[in-house]
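K.L.:
I'd like to ask you about the structure that follows.
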Amino acid sequence: MNRLLTPKFEEAIKDYPLYSQDGKERNAVCVAIFTIGNVRWFVLEGGKEGDDTILYCIVVGLGEDEYGYVSLNELADVELDYRKQGFGIIRVIQMPYFTPCPIGQISDKRLQDFLNRLYD
Numbered sequence: 001m002n003r004l005l006t007p008k009f010e011e012a013i014k015d016y017p018l019y020s021q022d023g024k025e026r027n028a029v030c031v032a033i034f035t036i037g038n039v040r041w042f043v044l045e046g047g048k049e050g051d052d053t054i055l056y057c058i059v060v061g062l063g064e065d066e067y068g069y070v071s072l073n074e075l076a077d078v079e080l081d082y083r084k085q086g087f088g089i090i091r092v093i094q095m096p097y098f099t100p101c102p103i104g105q106i107s108d109k110r111l112q113d114f115l116n117r118l119y120d
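Following the working numbering, the numbering of the sequence shown begins with 1 at its first residue and continues without gaps.
Spelled out as structure tokens, the structure:
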């Protein structure tokens with residue numbers, strides 16, 4: 001089983017199937033946040049596809065901030081090996097204690113700058 005597909009995440013995503021928030025812009029509900037280092041995936045929608053879950057997210061912290069699709073299985077497989085630096089292996093995690101809310105209400109400067117470029 002995918003370590004990121006927790007009962008809490010399944011419950012959060014069930015009411016937001018793919019394409020359910022089209023056109024909501026800043027009012028689209030972010031149901032979960034996954035992170036590794038400075039990279040964050042703000043999950044808006046998701047749907048089962050075989051033994052995987054495909055997510056529609058805003059990703060910030062990579063080369064370009066953008067909307068896009070990502071496989072939950074692929075996120076679970078991402079690892080950064082920092083054993084030589086004494087930190088061990090770092091993996092994508094779900095932000096604990098996050099409560100779903102409209103994406104426009106999240107206090108993340110890079111996310112809000114991205115939304116401002118699109119919707120202002």
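The C-beta atom is built at its ideal place from N, Cα and C for all residues, glycine as well. For clarity, every value in this text was computed on a predicted model and none was experimentally measured.
Phe42 and Val59: beta carbons closer than 9 Å?
P.N.:
Going by C-beta atoms, Phe42 is nearer than 9 Å to Val59.
K.L.:
Are the CB atoms of Gly61 and Arg83 nearer to each other than 9 Å?
P.N.:
No, the Cβ-Cβ distance between Gly61 and Arg83 is not below 9 Å.
K.L.:
Can you list, in chain order, the stretches of the alpha helix (DSSP H) that have 4 or more residues and sit fully within the stretch 64–102?
P.N.:
Entirely contained in the stretch 64–102, the alpha helix (DSSP H) runs reaching 4 residues are, in chain order, 72–77.
K.L.:
Looking only at C-alpha atoms, which of Lys8, Phe9, Asn2 and Gly47 sits nearest to Tyr19?
P.N.:
For Tyr19, the nearest C-alpha among the options comes from Gly47.
K.L.:
Flag this pair as yes or no: are the beta carbons of Val31 and Pro100 separated by less than 9 Å?
P.N.:
Contact flag set, yes.
K.L.:
Taking the Cβ atom as the reference point for each residue, do Ile36 and Val92 lie within a distance shorter than 9 Å?
P.N.:
Contact flag set, yes.
K.L.:
Just mark Thr53 as buried or exposed, buried being the case when its beta carbon has 16 or more other beta carbons within 10 Å.
P.N.:
Thr53 comes out buried.
K.L.:
Any beta-carbon of chain D closer than 9 Å to the one on Phe42?
P.N.:
Among the protein chains of the structure shown there is no chain D, as only one such chain exists.
K.L.:
Within 10 angstroms of the Cβ of Leu80, are there 16 or more other Cβ atoms? Answer buried if so, exposed if not.
P.N.:
Leu80 comes out exposed.
K.L.:
What residue does the alpha helix (DSSP H) around Glu45 start on, and which one ends it?
P.N.:
Segment Val39 to Glu49 is the beta strand (DSSP E) holding Glu45; no alpha helix (DSSP H) there.
K.L.:
Distance, Cα to Cα, Lys24 vs Gln85?
P.N.:
Roughly 43 Å between the two C-alpha positions.
K.L.:
Output needed for Leu111: all residues of its chain with C-beta closer than 8 Å, excluding positions within five of it in sequence on either side, in chain order.
P.N.:
Taken in chain order, the residues that qualify are Arg40, Phe42, Ile58, Val60, Asp65 and Ile103.
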